[in-house]
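Written out below as structure tokens is the structure these notes cover.
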Amino acid sequence: MLFNSFPFIFIFLPVVLLLYYSRIDRLSPKVFIIVVSLAFYVIAGIGALPLLLASIIFNWLLARGMRTQSDPVRRKRWLVAGLVGNVAFLGWFKYLGFIVWNIAAITGIQIAVPAIVWPLGISFFTLQQIMYLVDCYQELIPANGLVDQAAFVSFFAYITAGPITRSQRVVPQMQSPEIRNLNFDRMARAIVLFLIGLAKKCVLADNLALVGSNITPGKVLFLDTWFVVIAYAMQIYFDFSGYSDMAKAVALMFNLEIPSNFNTPYRALSVTEFWQRWHITLTRFITTYLYTPIVRSFRKVTLGISVAATIIAMFICGLWHGGAWTYIIWGTLHGVALAFNQVWKRYKLRAPDAVAWVFTFVFLNVGFAFFRAPDVPSALTTVGAMFGWGLNGGALLRFEMLPRDLALIFLSLGLACFGKNSDELTSEFTPSWRSAIAATALGLISLLYLNSTLSKVFIYRDF
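Residue numbers (the numbering used here): 15 to 477.
Below is the structure:
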């Protein structure tokens, strides 16, 4: 079930909220969240439910076992077992085909791979449980009870595509005695945030996905290539940030505050700043659970070690997105750019803001050319066209993009770079007739767009 679907908006969510606040179910808040979350998950495919439950129980048992160990060596063995188990679980479903394909390409040995469909949200709930195990090992938090762990991991607001949330942020809120007390101001703010996210998805992202559909297949033109790549950059931003807004809004409807995931990333003046604004919860995971441990594994931290750790961490970040060389190259490119930023900062070099923005935005779009491509040769063809390699003068000057597509690209770019972000808009929100009319109009427009096409899956749901 998609957030951007009529069954979710008009049936599932209202019914669940009515039961939640009426309390006629007589369940505790955490048990209620587990029941509705598992129901939501089953609708997506009942076959994946046992795998989700197995993952929850596995990590719950490991955390409890680890916290009972007084010997640091044994505690670390429990942690290593948990990390290996989670990585193996993720690897079997997401990377088995990629590994076998590369073995066949190198050795010529053909190995039959069973058809595997990975469980919905596996990348996100696995990362959350890895963070939980590490935090338990470092004694930052106590081990959760099984009900707490199940409610934290399975919560339907974020299980499909994040934000990646830490246990110590969510579980204490779920334990609050006031969690099922209806707060009308909070509910109004949540509804507005949900409508903003829905508009991002239905009005902008889904239409940006159609940009370039009129271009003659196989024809490569300089301007068209740039417009299509920029359109994709705008699409993935409004798609993913729209989902994140809706996830945060749904959590807020249950009186749960989860972290924001975006902060106008296309205003960034460097790749470092971009990652401070883009997929913020993943950036925190990379920094805290990948980059920092790599750096601390060395006795003395030098610029070279920091650079190497950055590239390794971003290589893993690219691989996390999926078993494809395009993702790996995308992540590694960002690692190299982040390393370059470290060196640039170390030597206190500066560039005018306009120049820094242009270079950053161009680099991001080159990266997105790899991210969206089906394979590396296609990505290289796209990047070549972006810089005019192998194109004649006519291909550099002509374009076939429709005027409405160009208008949508520039509108999206303006909103992404100069408009207020969702957090800014909701923080300024105050219930009034004027805001009610604006929210109603936004909702109606979004529903009209939603009704005009089939519901499109959120891009990051596939990761």
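Built from N, CA and C at the ideal position, the CB exists for glycine as well.
This structure is a prediction, so every number in the text was calculated from the model and none was measured.
inquiry  = What does the Cβ neighbour count give for glutamine 152, buried or exposed, with the cut at 16 atoms within 10 Å?
reply    = Counted from its first residue, the sequence shown places residue 152 at position 138. Result: exposed.
message = If I measure Cβ to Cβ from tryptophan 339 and keep anything under 7 Å in the same chain, skipping five residues before and after, which residues do I get?
response = Walking along the sequence shown from the start, residue 339 turns up at place 325. Val390, listed in sequence order.
key: Segment contact flag, the region 360-368 with the region 123-142, C-beta cutoff 8 Å, min 3 pairs   = With the cut-off at 8 Å, the region 360-368 and the region 123-142 do not touch.
Validate contact between the region 206-214 and the region 251-259 using beta carbons, cut 8 Å, 3 pairs = yes
ask   = Can you name, in chain order, every residue of its own chain whose Cβ lies under 7 Å from the Cβ of phenylalanine 329, other than the five neighbours on each side?
value = Taking the first residue of the sequence shown as 1, we reach residue 329 at position 315. Closer than 7 Å at the Cβ level, and outside the excluded window around phenylalanine 329, lie Ile342, Gly345, Thr346 and Gly349.
ask   = Using the rule of at least 16 other Cβ atoms within 10 Å of the residue's Cβ for burial, across every protein chain shown, is lysine 215 buried or exposed?
value = Position 201 of the sequence shown, counted from the start, is the residue given in the question as residue 215. With 16 or more Cβ atoms within 10 Å of its Cβ, lysine 215 is classed as buried.
task = Would you mind sorting aspartate 162 into buried or exposed? The rule is 16 or more other CB atoms within 10 Å of its CB.
result = Looking up residue 162 in the sequence shown gives position 148. Buried: at least 16 other Cβ atoms inside 10 Å.
query = Quick one, which of Ile38, Gly337 and Ser181 has its alpha-carbon nearest valine 114's?
reply = Taking the sequence shown and counting its residues from 1, one reaches residue 114 at position 100. Looking at the Cα atoms, Gly337 is the closest of the given residues.
Collapsed DSSP secondary structure at glutamate 271 in the structure displayed = As a first step, residue 271 must be located in the sequence shown, where it is residue number 257. Here glutamate 271 sits in coil by DSSP.
message = With a threshold of 8 Å, are at least 3 pairs of Cβ atoms found where one atom belongs to the region 189-200 and the other to the region 264-272?
response = yes
ask   = Can you name, in chain order, every residue of its own chain whose Cβ lies under 8 Å from the Cβ of valine 312, other than the five neighbours on each side?
value = Here residue 312 refers to the residue found at position 298 when the sequence shown is read from its first residue. According to the sequence as given, residue 312 is phenylalanine; it is not valine. Once the five neighbours on either side are set aside, the close Cβ partners of phenylalanine 312 are Ile319.
ask   = Do tyrosine 251 and valine 148 come within 8 Å of each other at the CB atom, strictly closer than that value?
value = Your numbering for residue 148 matches position 134 in the sequence shown. Your numbering for residue 251 matches position 237 in the sequence shown. No. Outside cutoff.
task = Return the chain-ordered list of same chain residues with a C-beta closer than 6 Å to the C-beta of proline 279, the five sequence neighbours on each side being excluded.
result = Translated into positions along the sequence shown, residue 279 becomes position 265. Only Phe288, Arg291 and Trp292 meet the Cβ criterion.
message = Using 8 Å as the threshold, is the C-beta distance between serine 255 and isoleucine 173 below it?
response = The residue you call residue 255 lines up with position 241 of the sequence shown. The residue you call residue 173 lines up with position 159 of the sequence shown. The answer is no: Cβ separation not under 8 Å.
inquiry  = Quick check: what's the CA-CA separation for isoleucine 423 versus threonine 140?
reply    = Mapped onto the sequence shown, residue 423 falls at position 409. Mapped onto the sequence shown, residue 140 falls at position 126. When rounded, the distance between both Cα atoms is 35 Å.
task = Could you check which residue in Arg298, Leu420, Ser181 and Thr316 has the C-alpha nearest to that of tyrosine 246?
result = Here residue 246 is taken as the residue at index 232 of the sequence shown, counted from 1. Ranked by Cα distance from tyrosine 246, the first of Arg298, Leu420, Ser181 and Thr316 is Leu420.
message = Going by beta-carbon coordinates alone, are lysine 44 and alanine 157 separated by less than 8 Å?
response = Here residue 44 refers to the residue found at position 30 when the sequence shown is read from its first residue. Here residue 157 refers to the residue found at position 143 when the sequence shown is read from its first residue. No, the Cβ-Cβ distance between lysine 44 and alanine 157 is not below 8 Å.
Reduced DSSP category for proline 133 - H, G, I as helix; E, B as strand; rest coil = In the sequence shown, residue 133 corresponds to position 119, counting from 1. The answer is coil: DSSP assigns proline 133 none of H, G, I, E or B.
query = Given alanine 370, which residues of its chain have a CB within under 8 Å of its CB, disregarding the five upstream and five downstream residues?
reply = Taking the first residue of the sequence shown as 1, we reach residue 370 at position 356. The residues are Leu283 and Ser284.
task = Could you tell me whether the region 27-41 touches the region 182-197, using the rule of 3 or more Cβ pairs below 8 Å?
result = yes
Where histidine 348 sits in the DSSP three-state scheme = Here the question's residue 348 lines up with position 334 in the sequence shown. In this structure, DSSP gives histidine 348 a helical state, which the three-state scheme calls helix.
key: Reduced DSSP category for phenylalanine 276 - H, G, I as helix; E, B as strand; rest coil   = Position 262 of the sequence shown, counting from 1, holds the residue named residue 276. Here phenylalanine 276 sits in coil by DSSP.
query = Could you check where the alpha helix (DSSP H) with leucine 67 kicks off and where it finishes?
reply = Counted from its first residue, the sequence shown places residue 67 at position 53. Note, leucine 67: alpha helix (DSSP H), 63-81.
key: Exposure of arginine 386, with buried meaning 16 or more beta-carbon neighbours within 10 Å   = As a first step, residue 386 must be located in the sequence shown, where it is residue number 372. The residue is buried, with at least 16 neighbouring Cβ atoms inside 10 Å.
key: C-alpha gap between serine 69 and leucine 462, whole angstroms   = Residue mapping note: residue 69 aligns to position 55 of the sequence shown, counting from 1. Residue mapping note: residue 462 aligns to position 448 of the sequence shown, counting from 1. Roughly 39 Å separates the two Cα atoms.
request  = Return the chain-ordered list of same chain residues with a C-beta closer than 6 Å to the C-beta of leucine 237, the five sequence neighbours on each side being excluded.
outcome  = Here residue 237 corresponds to residue number 223 of the sequence shown, with the count starting at 1. Counting only Cβ-Cβ distances below 6 Å, and skipping sequence neighbours, we find Phe413.
request  = Would you identify the three-state DSSP class for proline 86, choosing helix, strand or coil?
outcome  = As a position in the sequence shown, residue 86 is number 72, starting the count at 1. Proline 86: helix per DSSP, three-state reduction.
ask   = In three-state DSSP terms, what is leucine 363?
value = Position 349 of the sequence shown holds residue 363. Looking at leucine 363 - three-state DSSP - the assignment turns out to be coil, as it is neither helix nor strand.
ask   = So, are the CB atoms of tryptophan 74 and leucine 160 less than 8 Å apart?
value = Taking the sequence shown and counting its residues from 1, the one referred to as residue 74 is at position 60. Taking the sequence shown and counting its residues from 1, the one referred to as residue 160 is at position 146. Contact flag set, yes.
query = Beta-carbon separation of alanine 351 and phenylalanine 377 under 8 Å?
reply = Walking along the sequence shown from the start, residue 351 turns up at place 337. Walking along the sequence shown from the start, residue 377 turns up at place 363. With contacts defined by Cβ atoms closer than 8 Å, alanine 351 and phenylalanine 377 form a contacting pair.
ask   = Got a sec, what are the start and stop residues for the alpha helix (DSSP H) alanine 421 sits in?
value = Counting from one through the sequence shown, the residue named residue 421 turns up at place 407. Element bounds for alanine 421: 417-432.
ask   = What is the rounded straight-line gap between the Cα of asparagine 277 and the Cα of tryptophan 447?
value = Indexing the sequence shown from 1 puts residue 277 at position 263. Indexing the sequence shown from 1 puts residue 447 at position 433. About 28 Å.
request  = Can you have a look at lysine 108 and say buried or exposed, based on whether 16 or more other CB atoms are within 10 angstroms of its CB?
outcome  = In the sequence shown, residue 108 corresponds to position 94, counting from 1. Buried, because 16 or more other Cβ atoms sit within 10 Å of the Cβ of lysine 108.
task = Return yes when the Cβ of arginine 281 is within less than 8 Å of the Cβ of cysteine 431, no when it is not.
result = To locate residue 431, count along the sequence shown from 1; it is residue 417. To locate residue 281, count along the sequence shown from 1; it is residue 267. Cβ atoms of cysteine 431 and arginine 281: closer than 8 Å.
ask   = Who are the near neighbours of glycine 111 in its chain, counting only those whose CB is closer than 8 Å to its CB and skipping five residues on each side?
value = To locate residue 111, count along the sequence shown from 1; it is residue 97. Within the same chain, glycine 111 has close Cβ partners Val127, Ile130 and Gly337.
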